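> What follows is a structure written as structure tokens; I'll ask about it next.
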Amino acid sequence: MATGTGYNPYRDADGKFSRPDDVGQKVESDLDAAYAAGDFGEAQAIESYAMEKMPESELGRTLLEKTFGAATTVARGRKMTPHELELKKRNAQLALKIVEIRAEHGDVTFDDANPERARRRLAEAVEYAESRGNTNLVSKLSSAKVLPSGAFQRKSDKLRVNTDSTIRSYVAEKEIEEGRAQIQASIQAKIDSGEITDGKYTHRDDSGTYTLTISQGMDERAFEALDEKTKNRILTPRPTLSLELAREKLTPEQLKEVTTEQQVMDFVVGKRPEIEGLPAPKTEILGSNSEEKALGGLQNLSAYTQAVEKSFGSKADRAAKKSQDAEIIKSAVAERGQNTFVPGRAYANGALLSNRTVLVKGAIEDQLSPAQIRSITVSAPSIDLAKAKAVLGDDRYAAIFERRTAGLRVTPKRVKKA
Amino acid sequence: MAAKNLAESLAEDIAAIGLAELVAPGILKANEGDGLTELQQEGDVVRVFDHSGDAIAEFSTADEDFNEALLRTLATELNF
């Protein structure tokens, strides 16, 4: 049992860190022991731990319901219904195992398999990445395995994917975003010139609600434009966890306990497909005062959004298709656990899937001793705002770190379920 | 009925697992790139906004596939 004011099931009676086989059982037995010993302060600390850290466990839930009532319970200080708590629990479980779950559904049948052509596409993609000087992509592609075709059907649900059409949608979305960015830039220019003043502006029409909010934030481009010497003067080393050191210092079992897997998908587009039907964004903003100009910008956004929808379907439909394609492709390569190239039919085109391991900060804090945490911590430079103010002076600081920036939000009348 | 606690809590859990970074309540940043994805809750509906600020999907907490559908959308937007 822990000593002191806090309770931690990963600490033994001497305060040393040790990992129990079953944390839930350890918490319950510590609680029983605290009550048996009449140590009500310790019992309260254990109950607080169970409610805060293990709200989904039987003990945590029982205590929460006893303390806050059955209809509304809390997790990390937030009130939730028992049903919402159940959804939260399930979400965390699924998210932790997402790659494993994909692998279970990864059995596919290929259409038009052509391993020779697939290998050619991969070699072309490497050449293309080299020609662009993208060393990171070259490195990933060079070690990648390749699927025999980019068109396949998932056996479990008969859903099909065609990488060429996925790439076409990806390129179309990029071009749609470029048009929208032009509208956003035209609004930003009015904010920069002071013609649109601080506030929140809303335009509503049959297609939905368009909102402009102006907030202060960092101008990343202006920061990047600073010379290296100035940048270095406003950076301060801060401790950060290192996966490389974790791989070196922890046992394989410990590493597994404190990491999780992700699948990252990138597209290689050597031959850009032609996208037809893209509307031209209107960037001229009329109006005689701040509100009229803000609403004029939002009307431009509405007109563009509706024109895009006519040619390409609603954003929600496009997002749903994008999600479905990504899940099928990711599930087809999930069990491979390495870089995999999913070839397209056109020159150098394809999707590159890479597995990435990330450290789980919460698990590290819970399961490693302070000495172990120190052994996997390095210093990384990060921006120090106080230093930045001193180095840059008030005006330059405000121009870079407190830039008034346009935030646009679009909520269609009906958002279709993905 | 909780107004926004589930959405904020789901975002916290995604970040706690290391799948994205939590930059503000309900707002997640992809581990690679600058894309922000926001979860908002209105009653029993959780809505997802993409990096442009567009609402791209909404899920009712009453739906049987709430978790699967939400995670599929988040996985695509945050690329995990």
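Residue numbers (my numbering), protein chains in the order written: chain A, 66 to 483; chain B, 80 to 159. Glycine included, each C-beta is placed from N, C-alpha and C at the ideal position. Computed from a predicted structure; not experimentally measured.
In or out: Glu137 of chain B buried (at least 16 other Cβ within 10 Å) or exposed?
On the second sequence, position 58 is the one that residue 137 of chain B refers to. Label assigned to Glu137 of chain B: buried.
> Where are the alpha helix (DSSP H) runs, 4 residues long or more, that stay fully inside the segment 375–417 of chain A, in chain order?
For the segment 375–417 of chain A, whole alpha helix (DSSP H) runs of length 4 or above, ordered along the chain, are 380–398.
> Given that a residue counts as buried once 16 or more other Cβ atoms are within 10 Å of its Cβ, and exposed if not, what is Val425 of chain A?
Position 360 of the first sequence, counted from the start, is the residue given in the question as residue 425 of chain A. Under this definition Val425 of chain A is a buried residue.
> Which of the three DSSP states is assigned to Lys223 of chain A in this structure?
Residue mapping note: residue 223 of chain A aligns to position 158 of the first sequence, counting from 1. If DSSP states are grouped into helix, strand and coil, Lys223 of chain A belongs with coil.
> Which runs of the beta strand (DSSP E) fall wholly inside the segment 283–331 of chain A and span at least 3 residues, in chain order?
Correct list: 300–306.
> For chain A, is any of its Cβ atoms less than 8 Å away from the one on Leu101 of chain B?
Locating residue 101 of chain B in the second sequence gives position 22, where the first residue counts as 1. No - not a single Cβ of chain A is within 8 Å of the one on Leu101 of chain B.
> Would you say Ile106 of chain B faces chain A, with C-beta separation under 8 Å as the test?
As a first step, residue 106 of chain B must be located in the second sequence, where it is residue number 27. Ile106 of chain B does not count as touching chain A.
> Would you say Gln403 of chain A reaches chain B, if we count a Cβ-Cβ gap shorter than 8 Å as a contact?
Numbered from its first residue, the first sequence carries residue 403 of chain A at position 338. Output row for Gln403 of chain A: interface = no.
> Could you say which of A:Ala397, A:Gly409, A:Asn404 lies nearest to Leu418 of chain A if we only look at CA atoms?
Reading the first sequence from its first residue, position 353 is the one you call residue 418 of chain A. The shortest Cα separation from Leu418 of chain A among A:Ala397, A:Gly409, A:Asn404 belongs to A:Asn404.
> Could you confirm whether any beta carbon from chain B is found closer than 8 Å to the beta carbon of Glu289 of chain A?
In the first sequence, residue 289 of chain A corresponds to position 224, counting from 1. For Glu289 of chain A, the answer is no, since every Cβ of chain B falls outside 8 Å of its Cβ.
> Is the beta carbon of Ile429 of chain A less than 8 Å from the beta carbon of Val323 of chain A?
Translated into positions along the first sequence, residue 429 of chain A becomes position 364. Translated into positions along the first sequence, residue 323 of chain A becomes position 258. Yes; because the gap between Cβ atoms is below 8 Å, this pair is in contact.
> Between A:Leu212, A:Lys336, A:Pro477, A:Tyr462, which has its C-alpha nearest Leu291 of chain A's C-alpha?
For this step, residue 291 of chain A is matched to residue 226 along the first sequence. The option with the nearest alpha carbon to Leu291 of chain A is A:Tyr462.
> Looking at Ala134 of chain B and Val398 of chain A, is the spacing between their C-beta atoms short of 8 Å?
For this step, residue 398 of chain A is matched to residue 333 along the first sequence. For this step, residue 134 of chain B is matched to residue 55 along the second sequence. Not a contact, by the Cβ cut-off of 8 Å.
> Using 8 Å as the Cβ pair cut-off and three pairs as the minimum, do the segment 185–196 of chain A and the segment 324–343 of chain A touch?
Contact between the segment 185–196 of chain A and the segment 324–343 of chain A is present, because at least three Cβ pairs lie under 8 Å.
> Compute the Euclidean distance between the alpha carbons of Ala183 of chain A and Arg474 of chain A, then round it to the nearest angstrom.
The count along the first sequence starts at 1 and reaches residue 183 of chain A at position 118. The count along the first sequence starts at 1 and reaches residue 474 of chain A at position 409. Cα-Cα distance, rounded: 41 Å.
> Name, in chain order, the residues that DSSP records as bridge partners for Arg337 of chain A.
As a working mapping, residue 337 of chain A is identified with position 272 in the first sequence. BP columns for Arg337 of chain A are empty, so no partner.
> Under the three-state reduction of DSSP, which class applies to Thr278 of chain A: helix, strand or coil?
Here the question's residue 278 of chain A lines up with position 213 in the first sequence. Correct three-state label for Thr278 of chain A: strand.
> Mapping the DSSP letters down to three states, classify Met116 of chain A as helix, strand or coil.
Residue 116 of chain A sits at position 51 when you count from the first residue of the first sequence. Residue state, collapsed to three classes: helix.
> According to DSSP, is His148 of chain A part of a helix, a strand, or is it coil?
Within the first sequence, the letter at position 83 stands for residue 148 of chain A. Of the three classes helix, strand and coil, the one that applies to His148 of chain A here is helix, per DSSP.
> For Lys108 of chain B, report the span of its beta strand (DSSP E) as first-last.
For this step, residue 108 of chain B is matched to residue 29 along the second sequence. Here the beta strand (DSSP E) through Lys108 of chain B covers 106–109.
> Taking 8 Å as the threshold, find out whether the segment 340–351 of chain A comes into contact with the segment 208–218 of chain A through three or more Cβ pairs.
No, because fewer than three Cβ pairs between the segment 340–351 of chain A and the segment 208–218 of chain A fall closer than 8 Å, the two stretches do not touch.
> Quick one: is Ala67 of chain A near chain B, going by C-beta distance under 8 Å?
Translated into positions along the first sequence, residue 67 of chain A becomes position 2. Low per-residue confidence applies at Ala67 of chain A: pLDDT is 40, beneath 50, and the placement is therefore not dependable, though the value from the model is reported in the following sentence. It does not; no Cβ of chain B falls within 8 Å.
> With a cut-off of 8 Å, does the C-beta of Leu115 of chain B fall near any C-beta of chain A?
In the second sequence, the residue the question calls residue 115 of chain B occupies position 36. Cβ-Cβ to chain A under 8 Å: no for Leu115 of chain B.
> Roughly how many angstroms separate the alpha carbons of Ser207 of chain A and Lys91 of chain A, rounded to a whole number?
Indexing the first sequence from 1 puts residue 207 of chain A at position 142. Indexing the first sequence from 1 puts residue 91 of chain A at position 26. Cα to Cα, the separation comes out at about 48 Å.
> Please decide whether Ala359 of chain A counts as near chain B, where near means a Cβ-Cβ distance under 8 Å.
Stepping through the first sequence from its first residue, residue 359 of chain A is reached at position 294. No, its Cβ sits nowhere closer than 8 Å to a Cβ of chain B.
> Listed in chain order, which residues of the segment 153–167 of chain A have Cβ atoms closer than 8 Å to some Cβ of chain B?
Listed in sequence order: Lys153, Arg155, Asn156, Ala157, Leu159, Ala160, Leu161, Ile163.
> Mind checking whether Tyr72 of chain A and Ile111 of chain A have CB atoms under 8 Å apart?
The count along the first sequence starts at 1 and reaches residue 72 of chain A at position 7. The count along the first sequence starts at 1 and reaches residue 111 of chain A at position 46. Going by C-beta atoms, Tyr72 of chain A is nearer than 8 Å to Ile111 of chain A.
> When you compare only the Cα positions, how much space is there between Ala98 of chain A and Val88 of chain A?
As a first step, residue 98 of chain A is located in the first sequence; it is residue number 33 there, counting from the start. As a first step, residue 88 of chain A is located in the first sequence; it is residue number 23 there, counting from the start. So the two alpha carbons sit approximately 15 Å from each other.
> For chain B, find out if any of its Cβ atoms is closer than 8 Å to the Cβ of Thr228 of chain A; answer yes or no.
Translated into the one-based positions of the first sequence, residue 228 of chain A becomes position 163. So no, Thr228 of chain A is outside the interface.
> Which whole-angstrom value describes the C-beta separation of Ile256 of chain A and Ala464 of chain A, a residue pair presumed to lie in contact below a C-beta threshold of 8 Å?
Here residue 256 of chain A is taken as the residue at index 191 of the first sequence, counted from 1. Here residue 464 of chain A is taken as the residue at index 399 of the first sequence, counted from 1. Contact flag wrong, Cβ pair sits at about 13 Å.
> Name, please, each residue of chain B whose Cβ falls closer than 7 Å to the Cβ of Met486 of chain A.
Nothing in the structure corresponds to residue 486 of chain A, since chain A is present only between 66 and 483.
> Would you report the Cα separation of Ile241 of chain A and Leu343 of chain A, rounded to the nearest angstrom?
As a first step, residue 241 of chain A is located in the first sequence; it is residue number 176 there, counting from the start. As a first step, residue 343 of chain A is located in the first sequence; it is residue number 278 there, counting from the start. Roughly 7 Å separates the two Cα atoms.
> What does the Cβ neighbour count give for Asp270 of chain A, buried or exposed, with the cut at 16 atoms within 10 Å?
As a first step, residue 270 of chain A is located in the first sequence; it is residue number 205 there, counting from the start. Label assigned to Asp270 of chain A: exposed.
> Residues of the segment 383–410 of chain A in Cβ contact with chain B at a cutoff of 9 Å, in chain order, please.
Answer in chain order: Arg383, Ala384, Ala385, Lys387, Ser388, Gln389, Asp390, Ala391, Glu392, Lys395.
> Taking the runs of the alpha helix (DSSP H) that are 4 residues or longer, which of them lie wholly in the segment 177–228 of chain A?
As far as the segment 177–228 of chain A is concerned, its whole alpha helix (DSSP H) runs of at least 4 residues are 180–196, 200–207.
> In angstroms, rounded to a whole number, what distance separates the CA positions of Ser307 of chain A and Val236 of chain A?
Counted from its first residue, the first sequence places residue 307 of chain A at position 242. Counted from its first residue, the first sequence places residue 236 of chain A at position 171. The straight-line gap from Cα to Cα measures roughly 35 Å.
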